Structures are given as structure tokens and as C-alpha cells.
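Reading through the C-alpha cells given below for one structure.
Number of protein chains: 2
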Amino acid sequence: MTLPRDYRGQTCSLARAMEVVGERWTLLIVRDAFYGVRRFGEFAAHLSVPRAVLTDRLAGLTAAGVLDRRPEPGAGRREVYVLTAKGLGLWPAVRALTAWGEEHAPPPGGGPRRLFLHHTDGAPVGPGGHCSGCGAPVPPGDLLVAPGPGLAPPGDDADPITAALAVPHRLLTPLPPATAPVRRPPKGTP
Amino acid sequence: MTLPRDYRGQTCSLARAMEVVGERWTLLIVRDAFYGVRRFGEFAAHLSVPRAVLTDRLAGLTAAGVLDRRPEPGAGRREVYVLTAKGLGLWPAVRALTAWGEEHAPPPGGGPRRLFLHHTDGAPVGPGGHCSGCGAPVPPGDLLVAPGPGLAPPGDDADPITAALAVPHRLLTPLPPATAPVRRPPKGTP
Numbered sequence: 015m016t017l018p019r020d021y022r023g024q025t026c027s028l029a030r031a032m033e034v035v036g037e038r039w040t041l042l043i044v045r046d047a048f049y050g051v052r053r054f055g056e057f058a059a060h061l062s063v064p065r066a067v068l069t070d071r072l073a074g075l076t077a078a079g080v081l082d083r084r085p086e087p088g089a090g091r092r093e094v095y096v097l098t099a100k101g102l103g104l105w106p107a108v109r110a111l112t113a114w115g116e117e118h119a120p121p122p123g124g125g126p127r128r129l130f131l132h133h134t135d136g137a138p139v140g141p142g143g144h145c146s147g148c149g150a151p152v153p154p155g156d157l158l159v160a161p162g163p164g165l166a167p168p169g170d171d172a173d174p175i176t177a178a179l180a181v182p183h184r185l186l187t188p189l190p191p192a193t194a195p196v197r198r199p200p201k202g203t204p
Numbered sequence: 015m016t017l018p019r020d021y022r023g024q025t026c027s028l029a030r031a032m033e034v035v036g037e038r039w040t041l042l043i044v045r046d047a048f049y050g051v052r053r054f055g056e057f058a059a060h061l062s063v064p065r066a067v068l069t070d071r072l073a074g075l076t077a078a079g080v081l082d083r084r085p086e087p088g089a090g091r092r093e094v095y096v097l098t099a100k101g102l103g104l105w106p107a108v109r110a111l112t113a114w115g116e117e118h119a120p121p122p123g124g125g126p127r128r129l130f131l132h133h134t135d136g137a138p139v140g141p142g143g144h145c146s147g148c149g150a151p152v153p154p155g156d157l158l159v160a161p162g163p164g165l166a167p168p169g170d171d172a173d174p175i176t177a178a179l180a181v182p183h184r185l186l187t188p189l190p191p192a193t194a195p196v197r198r199p200p201k202g203t204p
């Protein structure tokens, strides 16, 4: 993730943050990691990101300490990418940018594609991170991501992540569920 | 701001937001607009962004409805860039990413470079946007940005924005102050 020298000269904290996540795909990869996506193939299939780009971005996020690359339990040599404490700290930014996109660039279906609910009482959690039911601040691991009115139903050919997110799912819980078939990304994915 | 076809296919609200601001310089330009920077030359001098890149990013932000390009009052043909309501909605994301950068990529000086204070009582305002003194939610226009412990004193050759931000300044108030000399960016800025 090379940057112009002048850019590196910026010591502002926002500039430093943008050095890590200031790229179109990067925050989408982090967002998927919050949803529970952990495997290369599922990031690639869900985001339709070119695999060479995904390889580069995952390496950058791992080098920056946002993701931790580790062996998948009981999966032999397969590795997964998991958010570190530093990575978990990005949730407010992901949530704020998502809320802005929902308000100012709504999906064709109208209304948000995803709702974020407090898993203990099912009440909506606003962009500020507080439960509209109990008023408590809700960490990402206590959030359910549920389909919203703007979400189109997944097609039969939907990738396993898209299919799994058609029902409420608790953040930071591995996706796809262990019981779901793991489909490979389509051949010819760039 | 061209994007891969697959990327445009993403209807997620975060993906739509990243189409507008998902580039390293873009949120820094928006951040400067919140600080009160309005003129091309001052964006260029403060961010040390290549002028061709700045021209492209300002055009993109204007086309996306984040910035409004308008004549500067009493300045003849000179134009300024001002945040729209859509642009003002980006503050929580800018603040969240800045706070993350402060926590996980602190500047060499240690501590935050900028403090955000409630202009009515001078109390710090946290990343969540609430005043630690009165508890009220504080819109960006009611924030003071003040130098923090991590901010190095500006040099004698500092651009006028860097110099102006060495003292507390109310967000969305034009920078540099009308009384300050307006220096052109250094010759040879790429």
C-alpha cells in the first residue's frame, strides 16, 4: 500500500488511519470480517474482489495488525483471517460510513439493506452504537446483523456469505455457519 | 473515480459510501473542509496533495454532492468549496477514523494532535460525539478543534492553515481567518 511521500508526511491521525484503511476494498474486507467471514475464498466470493487485490489487501491488513492470520481449527493447512483488537476498533468507522451510505446513497430497493440489532433484546442499535431498547452501548460482538427492507432476496446462485446473511446473524460469529455447505468462488473470478 | 464493475455491483451501503470517500486523500479533504478550509490553494498547501490529484478529488466530491463549489463572497472570480448537508453527514466517520488513528497509530510526539472541545463549555467531546461536560450531543459546528499534546509547534514556514490550527478554532468557520495573510502554496508543488 504505497503512498506518495507527501502523504506519508501527514502526521494527522486521520492520515495515518487512511494509510491502513483508505482504499475502496479495505474497509469492505474489514466489514466482512466483522460479519464473520474468515476464509480467503469467501471474502473473494462475497465481495467479488479480484483475488490478486484481495491477496494484497489481506496482506496489508495483516501487516498493519488489523487482521491476524492463523490456522483454521481442525482444517489442516487452511488459514483464516480474524480481527485483532486493533481491527475491532474500526467498528465505529465502518458503522458510521455504512449509515452515511444508507442515508445519502440508498440502495434501489429503498431502506437499509442491513439492520443492526441488540442480540439481547432485538432492539435496533443506531449508528451511535446505543441500543434503542435498553439504551446500553453495544459492542460489535453483541450485535445482530439482520436483513433490512432494502435487501434483495439472495438468488439460488448466491455465495454462501450472501445466503447466510439473509437471516439474522451475530457479528464476529464465523460465517458461513459450520452446517452450511462451503462453496468455492466461481471459476474465472479475476 | 472509476471502479471495477464488480465493485459497482456491490449494493451495500458501505460500498456506496466508499465509492465516494474510499480513497486516501478524499477524507482528508473533507476533514479540512470541516476545519474551515475552502480554497484550492489552501487545501493543496495544507495537505501537500499533488494539485492534479486535488483537482480530481474536489471535482469528484462536488459531483457526488459532498462539496458545493461557489463564488467566494467579495473575491471576484475566486471560488470556494463548502460542505453540503450530505458532506456534513460524514463527520461521525471522520471523527471515528481519526480516533482510531490516534489510538492505534499515535503520532511520534505522543498523545492526540487535535483535541475536540465543546465550544460552549470547553469540555472534551469524545469520539461518540457527546460533551464530557454537559453530556449533550455536539454537532460539528459546535466543536472547537484545539492543539493536543501530540502536535508539534508549526514552523515559521508553516502554511496558513497549519498556523491557524495551532490555536483553538471552531469547526466550519472559514480558514485561514480573514485577518491572516493568504500564502500561495510553494512553487513546484507537484
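Heads up: the protein sequence lines correspond to chains A and B, in order.
In terms of the numbering used here, the first sequence has 143 at position 129, counting the first letter as 1, and numbering is strictly consecutive.
In terms of the numbering used here, the second sequence has 53 at position 39, counting the first letter as 1, and numbering is strictly consecutive.
We treat Cβ as the ideally placed atom computed from N, Cα and C, and that holds for glycine.
Being a predicted model, the structure only gives us computed values, none of them experimental.
### Task
Compare the C-beta of B:Cys145 against all C-beta atoms of chain A and say whether one is closer than 8 Å.
no
### Task
Could you please give the first and the last residue of the uninterrupted alpha helix (DSSP H) stretch that includes B:Leu68?
Per DSSP, the unbroken alpha helix (DSSP H) holding B:Leu68 starts and ends at 65–77.
### CB-CB length for A:Val159 against A:His183, believed under 8 Å
6 Å
### Query
Using a Cβ-Cβ cut-off of 7 Å (strictly less than) and excluding sequence neighbours within five positions of A:Ala113, which residues of its own chain qualify?
Cβ within range, chain order: Pro141.
#### Entry: Contacts that B:Val108 makes with chain A (C-beta to C-beta distance below 7 Å)
Those within 7 Å of B:Val108 in chain A are Leu28.
### Query
Roughly how far, in whole angstroms, is the beta-carbon of A:Val80 from the beta-carbon of A:Trp39, given that I think they are within contact range, below 8 Å?
So it is not a contact: roughly 13 Å between Cβ atoms.
### Task
Go ahead and pull the three-state DSSP assignment for B:Asp171.
coil
#### Entry: Contacting positions in the region 52–71 of chain B - beta carbon closer than 9 Å to chain A
Leu61, Ser62, Val63, Pro64, Val67
### Message
Just verifying my parser: in three-state terms, what is the DSSP assignment at B:His133?
### Response
coil
### Query
Apart from the five residues just before and just after A:Val108, which ones in its own chain have a Cβ nearer than 8 Å to its Cβ?
Leu41, Val44, Arg45, Phe48
### Query
Taking contact to mean at least 3 C-beta pairs separated by less than 8 Å, is the region 54–67 of chain B in contact with the region 138–156 of chain A?
no
### Query
Between the beta-carbon of A:Pro131 and the beta-carbon of A:Tyr95, is there less than 8 Å?
Rather than Pro, the amino acid found at residue 131 of chain A in this sequence is Leu. Inclusion of A:Leu131 and A:Tyr95 in the CB contact set at 8 Å is not warranted, their separation being larger than that value.
### Task
Measure the Cβ-Cβ separation of A:Ala119 and B:Arg127 and say whether it is below 8 Å.
no
### Query
Where DSSP assigns a beta bridge to B:Glu93, which residues make up the other side?
B:Pro85
### Query
According to DSSP, is B:Leu102 helix, strand or coil?
Helix at B:Leu102.
### Task
Reducing DSSP to helix, strand and coil, say where A:Ala177 ends up.
helix
### Task
Return no unless some Cβ of chain B is closer than 8 Å to the Cβ of A:Leu186.
no
### Message
Between which two residues does the alpha helix (DSSP H) holding B:Ala160 run?
### Response
Here B:Ala160 belongs to no alpha helix (DSSP H); instead the beta strand (DSSP E) covers 157–161.
### Query
Is the CB-CB distance between A:Val51 and A:Leu189 below 8 Å?
For the pair A:Val51 and A:Leu189, the CB atoms are nearer than the 8 Å cut-off.
### Task
Kindly list, in the order they appear in chain B, the residues whose Cβ is closer than 7 Å to that of A:Gly115.
Ser27, Leu28, Arg30, Ala31
### Query
Which of the three DSSP states, helix, strand or coil, is assigned to B:Val51?
strand
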